[in-house]
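Protein chains in written order, with our numbering: chain A, 3 to 175; chain B, 7 to 283.
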């Protein structure tokens, strides 16, 4: 019950931060190359104990919320779904050495930083690739899509990891 | 049969993903047609309300600029007032009401959300169907044209700004009769647009004013679009490419007017009846 409340608050908080803070940042000429999607952090840290079908439904809801605010016609919802599809595959790889069954949320503190950064980069890479592919909707624009994907992934990963160091409390063991 | 079922069982997560993707696609499909219920845009009530709250705070930051623009507009209107003109001859100045009937109405509105960083920039206004705002109405401000209404809900409407790669309308130079297409290319900066399709033998100079043609009934004829900054011949054709600077500053738009064309249904029915023949 408590975790549902905490997750709902985090959901609303991240959507508001994304729409009213992050999206107001003006990066000058980089605006068309970098899309800072910090709200995806919600799906990265989402509990691994819950069934993956629930994760996917939550991803759909989150994506639709962002689409509603940014007038982006469903591309964020679609990309979030893709991220939710890739995540279990990636988690299976990570989970081999460190059993994550009893972890409520996946943050920089529950994981080793290098492994967590890799996890973020791979998931966000998949997310942005799908997003820009849908946005451009042309296979001819592939070099541009890849450039945008790489730049956006790097900056969003940095922002998310720094944000987690600032906002999450270190669990006491 | 059993193998098939086993196979489906194996990929059930993937199937779930595909079904949800189709659901999103269905929503977008509904969203993209004009008359259908609007779910995914910022004229939806919740996001519209939130943007209005944000605007309630942020509007104070622009007050100085807004005041200057409004007083400038007031001065201009005062100059044009009837009483400022001395009567030359009674026959010349008298306006016979019978010869004029109003075609365009202007309704004030406030921009509560504005984006300039994307390829498809969209504004949200605080007027909706309760104030008779309909899709395909033009939006202008004191300086020039801003865009046109795409979607409306009860109290909000979303507007396709000129800074949108999908935006296209016919425009013409102030002193000439040639018509070109106004559009915003992805390479254009904010407050910069391109007019294509004007033949090279029409001489267009730097500093010329570009105005709307008024043929589609969205904007009145002669609304200012911008000023020519550069012209280059288009490679491989007899046309020229004209770069203009928009009259409206898209970084700072707050007060706008929604244009209602009172002859819109008449114009549409004439065009439609021509198509049916």
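Virtual Cβ for every residue (Gly too), placed ideally from N, Cα, C.
is_contact[residue 62(A), chain B] using C-beta, thresh 8 angstroms: yes
Would you say residue 189(B) reaches chain A, if we count a Cβ-Cβ gap shorter than 8 angstroms as a contact? no
Kindly say whether residue 309(B), judged by its beta-carbon, lies nearer than 8 angstroms to any beta-carbon of chain A. Past the edges of chain B, shown from 7 to 283, lies residue 309(B), and the structure says nothing about it.
Evaluate the contact criterion for the region 161 to 168 of chain B versus the region 114 to 130 of chain B: three or more CB pairs, one atom per stretch, below 8 angstroms. yes
With contact counted as at least three CB pairs below 8 angstroms, one residue from each stretch, are the region 158 to 173 of chain A and the region 18 to 34 of chain B in contact? no
Nearest to residue 128(A) by CA position, among 116(A), 141(A), 92(A), is which residue? 92(A)
Segments assigned beta strand (DSSP E), at least 3 residues, entirely inside the region 179 to 259 of chain B: 186 to 189, 198 to 205, 215 to 218, 230 to 239, 245 to 252
Starting from residue 128(B), follow the alpha helix (DSSP H) in both directions and report where the run begins and ends. Not the alpha helix (DSSP H): residue 128(B) falls in the beta strand (DSSP E), residues 126 to 131.
Is the region 219 to 236 of chain B in contact with the region 131 to 145 of chain B, if contact means three or more CB pairs nearer than 8 angstroms? yes
Measure the beta-carbon distance from residue 217(B) to residue 180(B) and round it to whole angstroms, keeping in mind my assumption that it falls under 8 angstroms. 5 angstroms
Residue 295(B), enclosing alpha helix (DSSP H) - first and last residue: What is shown of chain B runs 7 to 283, which leaves residue 295(B) out entirely.
Since residue 144(B) sits in a beta bridge, which residues does DSSP pair it with? 154(B), 265(B)
Contact list for the region 71 to 83 of chain A against chain B, Cβ threshold 9 angstroms: 71, 72, 73, 74, 75, 76, 77, 79, 80, 83
Where residue 140(A) falls: helix, strand or coil (DSSP): coil
What's the gap between the Cα of residue 10(A) and the Cα of residue 60(A)? 10 angstroms
Residue 118(B) - containing alpha helix (DSSP H), residue span: Here residue 118(B) belongs to no alpha helix (DSSP H); instead the beta strand (DSSP E) covers 110 to 120.
For the region 113 to 127 of chain A, which residues have a beta carbon sitting closer than 8 angstroms to at least one beta carbon of chain B? none
Positions along the region 59 to 87 of chain B whose CB lies within less than 9 angstroms of some CB in chain A: 60
Does chain A have any CB closer than 8 angstroms to the CB of residue 128(B)? yes
Using the beta-carbon of each residue, which ones in chain A are nearer than 7 angstroms to residue 22(B)? 55, 58
Within 8 angstroms, do at least three Cβ pairs link the region 270 to 277 of chain B to the region 247 to 260 of chain B? no
Below 7 angstroms on C-beta distance, what does residue 26(B) contact in chain A? 58, 62, 83
Run through the DSSP bridge pairs and tell me what residue 166(B) is partnered with. 128(B), 154(B)
Candidates 242(B), 149(B), 11(B), 175(B): which alpha carbon is nearest residue 261(B)'s? 149(B)
Taking residue 87(A) as the query, report the chain B residues whose CB atoms sit under 7 angstroms from its CB, ordered along the chain. 23
State the CB to CB distance for the pair residue 263(B) and residue 32(B), rounded to an integer number of angstroms; the pair is presumed to be in contact (CB under 8 angstroms). In fact, because the Cβ distance is near 36 angstroms, the residues do not count as touching under 8 angstroms.
Using a Cβ-Cβ cut-off of 8 angstroms, state whether residue 266(B) counts as contacting chain A. no
For residue 55(B), does the count of other Cβ atoms within 10 angstroms reach 16, so buried, or fall short, so exposed? exposed
Quick one: Cα of residue 17(A) to Cα of residue 53(B), how far? 11 angstroms
Indicate the three-state DSSP secondary structure (helix, strand or coil) for residue 36(A) in the structure shown. coil
In or out: residue 85(A) buried (at least 16 other Cβ within 10 Å) or exposed? buried
Using the Cα positions of residue 82(B) and residue 230(B), report the straight-line distance between them to the nearest angstrom. 15 angstroms
For residue 123(B), the nearest candidate out of 170(B), 182(B), 187(B) (CA to CA): 170(B)
Taking buried to mean at least 16 other C-beta atoms within 10 Å of its own C-beta, is residue 95(A) buried or exposed? exposed
Exposed or buried, residue 31(A), counting other C-beta atoms within 10 Å across all chains shown (16 or more means buried)? exposed
Residue 152(A) in three-state terms, based on DSSP: helix
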